[in-house]
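Below is one structure; the comments refer to it alone.
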Amino acid sequence: MRSNEIIKEIDNLGLSEKLILVEDIWDSIARSNSELPMPEWQKAELDKRYSDYKNKKLNLHDWEGVHDELRNKYK
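Positions 32 to 106 (the working numbering) are the ones given, in order, by the sequence shown.
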């Protein structure tokens, strides 16, 4: 089936059916994540961030603090 035919079929679905389909597609992608290689630039960035974390070079915030700040900002 061609992608334009699939889109036409999707257009005929109700909203809840579309959401279920999106969830199923996402789950399928997650199961096959080993097929997606991580680019070198992304590995380097993760290594840098982890190193910064280990060397306490980051300003970290806990969820409660962020949550409180946002609640106060958008009262």
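By construction, the Cβ of each residue, glycine as well, lies at the ideal position given by its N, Cα and C atoms.
The structure displayed is predicted, hence computed values, not measured ones.
Item	Value
According to DSSP, simplified to helix, strand and coil, what is L46?	helix
If we call anything under 9 angstroms between Cβ atoms a contact, is L89 one with R80?	yes
May I ask you to report which of helix, strand or coil DSSP gives H92?	coil
Note down, in chain order, each residue of its chain lying with its Cβ closer than 7 angstroms to the Cβ of L76, except the 5 sequence neighbours on either side.	Reading off the sequence shown, one finds Glu at residue 76, where the question assumed Leu. For E76, where only same-chain residues beyond five positions count, there are no Cβ hits under 7 angstroms.
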